[in-house]
Amino acid sequence: MSPLPPFTNEPVLELRRAPAREALAGALAELDARLPLQVPVLVGGERGAATGLESTDPGAPSRLVAEAGRASEGDVTAAVEDAGRGFREWSGRPAEERASVLVAAAATLRGRRPELAALAVRECAKPWPEADADVCEAIDFLEYYARAAIELDRGRPLLQVPGERNCMRYSPRGVVAVISPWNFPLAIAAGMTAAALAAGNAVVLKPAEQSPGCALALVEALHAAGCPPHALALLPGLGDAGAALVRHPGVHVIAFTGSSAVGLDIVRAAADTPQGQPHLKRVVAEMGGKNCVIVDSDADLDEAVPAIVGSAFAYAGQKCSAAARVLAHEAVYEPLVERLAGAVEVQAVGQAERFATEVPPVIEREAQQRVARYAAAAASSGRIVARAEDVPAEGWFCPPTLACDLDPDAPVLREEVFGPLLTVEPVHSVEAACDIVDSLPFALTGGLLSRSPATVEAVARRSPVGNLYVNRAITGAMVGRQPFGGNRRSGTGAKAGGPDYLLQFVEPRVLTENTMRHGLVVE
Ligand SMILES: NC(=O)c1ccc[n+]([C@@H]2O[C@H](COP(=O)([O-])OP(=O)(O)OC[C@H]3O[C@@H](n4cnc5c(N)ncnc54)[C@H](O)[C@@H]3O)[C@@H](O)[C@H]2O)c1
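Just so we're aligned, residue 29 is where the sequence shown starts under my numbering, counting upward by one.
What follows is the structure, encoded as structure tokens:
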């Protein structure tokens, strides 16, 4: 097997070019003609039920995108037991061979890029740039972890002394339960699944109920690439299927990305060691955030305004890394609020399939109601300074909103809204802004806009967030360039797309051999 070329990020489409837009629009028309997709429960390659769950278009809720199975507790048990058998086969393959399967799956996704982006547009209302980037990131994860697993398989050098041989190897842990969210319907499911498989584990994937169609595309690509059906099962379903999976004693690792409430429940459940479970469960949890952007008195507002607005409102604020709270030095507070207000009012709200759309609908009715509740609370405990009122009547739209003058104890300043609502507050100093950031239970992403290297250094030292972005947008982490993930209640700090991530999916084993001769055995 020839060595893989060095990893590079999959280049995103240049949507300013008409042919690129035409290819995507064509793929969307073809997809529409095939809807609804059928997403079965898939265990050991056997197609189970594809009924019980429906995913719909957030921009046109009467459009059915996928009919999916709704995995039961029995399906969970069957999937975990089958994955236990699949683990033996898959973990026995050399790391290079497993890597070649991941690379082949990446090639399949690459060949289907327009169609898969179209699916993310329909199933999750991702505007085209985000939908295309989602597919690219899925490809990146497959390619990156394929290489990382080969590297990890070489082990790490240890100190050697005469008469003794020491080596440390990393062995896969067993069955990995992958539980994914809908907001990166392909990329996040692909990332956790690819890491687990690359390291030699078997996977039971429980995707978000809002995006089973995207998950099926990933699983099909991996199966077609040579991943044994017993090493990768798909359980479309609701939270109850995830809860049953987490608690199954045959699961060794739980790789979860989603809300903090569910993540904390998983951490608690995984601590249990029921009868018949000889191992401890490892939890990799990537959770929510309350991402703050600090704007210093010397910040370039021409740079700050688009960076903040893009981070807060792209994909309707539904990225875990999205900007939610701006802490602006009092010297620039007034002009910043005025300029942010102007930018918010002209946000292009519309259907995800329109190329000009900046703010699409949110994922579902409950999300729309949640954002509306927080916006109402912000209006009563503070002041709404800008709102893009002109939103389509059909679909789960929320007007992009900017709020200020809030009560410092208002829940909207501390809780994750996960929608197009941004707050701004004045602070006396960058130090005071850091105190606020430090008081939050979340520590996912953060931003700083400042021209002073000393301030950049001081904030970087103090900030607890997993990913701090300076003088730029705070979204858009790239695999291999910005290993991603939060601290505190935002995550277990595993850093997806980074050099340490695979360590979560393996256990180190050390072999020490006495190499001194003990004399000749004479019979
Ligand atoms: N930190 C990150 O890298 C990151 C990335 C993307 C999204 N997120 C977070 O994800 C959230 C949005 O995603 P969501 O709405 O899909 O989250 P969610 O927690 O509602 O659901 C995530 C997954 O967990 C499953 N689930 C629900 N209840 C469960 C339970 N009791 N036990 C096990 N599984 C259960 C769901 O069915 C789904 O598959 C936001 O909070 C966002 O910040 C974080």
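C-beta atoms are modelled at their ideal positions from N, C-alpha and C, and glycine is treated no differently.
Kindly identify the DSSP beta-bridge partner or partners of Q303.
Looking at the DSSP assignment, Q303 forms no beta bridge with any residue, so it has no partner.
For R44 and E158, the rounded distance between their alpha carbons:
So the two alpha carbons sit approximately 14 angstroms from each other.
Among F446, L476, Y529, nearest to V311 - alpha-carbon criterion:
Of the candidates F446, L476, Y529, Y529 places its Cα closest to the Cα of V311.
Considering only DSSP beta bridges, list what C432 is partnered with.
Answer is R411, V452, bridged to C432.
Flag W424 as yes when its Cβ comes closer than 6 angstroms to any non-hydrogen atom of ligand 1, and as no otherwise.
False, no ligand heavy atom lies under 6 angstroms from that Cβ.
If we call anything under 7 angstroms between Cβ atoms a contact, is R175 one with R537?
Cβ atoms of R175 and R537: not closer than 7 angstroms.
For G97, which of helix, strand or coil comes out of DSSP?
Residue state for G97 is assigned as strand, using DSSP reduced to three classes.
Identify, in the order they occur along the chain, each residue of the same chain with its Cβ nearer than 7 angstroms to the Cβ of T483, setting aside the five sequence neighbours on each side.
The residues are D324, V458.
Assuming I322 and A461 make a contact with CB atoms under 8 angstroms, what is their CB distance in whole Å?
Between I322 and A461 the beta-carbon gap is near 4 angstroms, inside 8 angstroms, which marks them as a contact.
Span of the alpha helix (DSSP H), counted from its first residue to its last, around I336
Secondary structure note for I336: its alpha helix (DSSP H) is the uninterrupted segment 329-341.
Measure the Cβ-Cβ separation of T503 and S288 and say whether it is below 7 angstroms.
Their beta carbons are not under 7 angstroms apart, which means T503 does not touch S288 by this criterion.
Measuring CB atoms only, is the region 400-407 touching the region 429-436, in the sense that at least three cross pairs come out at less than 8 angstroms?
Using a C-beta cut-off of 8 angstroms, the region 400-407 makes contact with the region 429-436, since at least three inter-stretch Cβ pairs fall below that distance.
What is the DSSP secondary structure of S90, reduced to helix, strand or coil?
Here DSSP, grouped into helix, strand and coil, assigns S90 to strand.
Beta-carbon proximity check, G278 vs V206, cutoff 7 angstroms:
No. Outside cutoff.
Compute the minimum distance between the beta carbon of G519 and the heavy atoms of ligand 1, and state whether it is under 6 angstroms.
Correct: G519 has its Cβ closer than 6 angstroms to ligand 1.
Taking three-plus beta-carbon pairs below 8 angstroms as touching, is the region 476-496 in contact with the region 515-524?
Three or more beta-carbon pairs separated by less than 8 angstroms link the region 476-496 to the region 515-524, which places the two stretches in contact.
Start and end residues, alpha helix (DSSP H) containing R201
According to the DSSP assignment, R201 belongs to no alpha helix (DSSP H), since it is labelled neither H nor E.
Compare the beta carbon distance of V365 and V452 with 7 angstroms and say whether it is the shorter of the two.
The answer is yes: Cβ separation under 7 angstroms.
Beta-carbon within less than 7 angstroms of A501's beta-carbon, same chain only, minus the 5 sequence neighbours each way: which residues are those?
Cβ within range, chain order: A335, G338, S339.
Which class does H258 belong to by DSSP, given the choice of helix, strand or coil?
Judged by DSSP in its simplified three-state form, H258 adopts helix.
Let's test the definition: count the other Cβ atoms within 10 Å of the Cβ of D300 and tell me whether it reaches 16, buried, or not, exposed.
Exposed, because fewer than 16 other Cβ atoms sit within 10 Å of the Cβ of D300.
Confirm, please, whether the CB-CB distance from L81 to P257 is below 7 angstroms.
Cβ distance not < 7 angstroms, so P257 and L81 don't count as in contact.
Buried or exposed by the 16-neighbour rule on C-beta atoms within 10 Å, applied to T385:
Here T385 is buried: its Cβ has 16 or more other Cβ atoms, across all protein chains shown, within 10 Å.
Note down, in chain order, each residue of its chain lying with its Cβ closer than 7 angstroms to the Cβ of L329, except the 5 sequence neighbours on either side.
If we look at L329 and ignore the five residues flanking it on each side, its Cβ neighbours are V360, P363, L364, R367.
Between the CA atoms of A253 and A94 - distance to the nearest angstrom:
If I take the Cα positions, the gap works out to 24 angstroms.
Exposure of G475, with buried meaning 16 or more beta-carbon neighbours within 10 Å:
Of the other Cβ atoms in all chains shown, 16 or more fall within 10 Å of the Cβ of G475; this residue is therefore buried.
Which of helix, strand or coil does DSSP assign to C426?
Three-state result, C426: coil.
One question on the structure: do P448 and G370 come within less than 7 angstroms of each other, judged by their Cβ atoms?
Contact: no.
Assign L477 to one of two classes, buried (16 or more other C-beta atoms within 10 Å of its C-beta) or exposed (fewer than that).
Its Cβ being crowded by 16 or more others within 10 Å, L477 is buried.
With 16 other CB atoms within 10 Å as the buried threshold, where does P185 fall?
Under this definition P185 is an exposed residue.
Rounding to the nearest angstrom, what Cα-Cα distance links G526 and T520 in this structure?
If you draw a straight line from the Cα of G526 to the Cα of T520, it is about 14 angstroms long.
Taking P469 as the reference, which of N319, A283, G286 has the closest Cα?
For the residues N319, A283, G286, the minimum Cα distance to P469 belongs to N319.
Name, in chain order, the residues that DSSP records as bridge partners for C320.
Checking the DSSP bridge columns, you'll see C320 partnered with R353, G474.
Rank I178, A351, L144, Q532 by C-alpha distance to the C-alpha of A57 and give the top, closest one.
Per the Cα distances, L144.
Opposing strand residues paired with V377 [DSSP bridges]:
In DSSP, V377 forms a bridge with V387.
Please report how far the alpha carbon of L214 lies from the alpha carbon of P302, in whole angstroms.
Between L214 and P302, the C-alpha separation is close to 33 angstroms.
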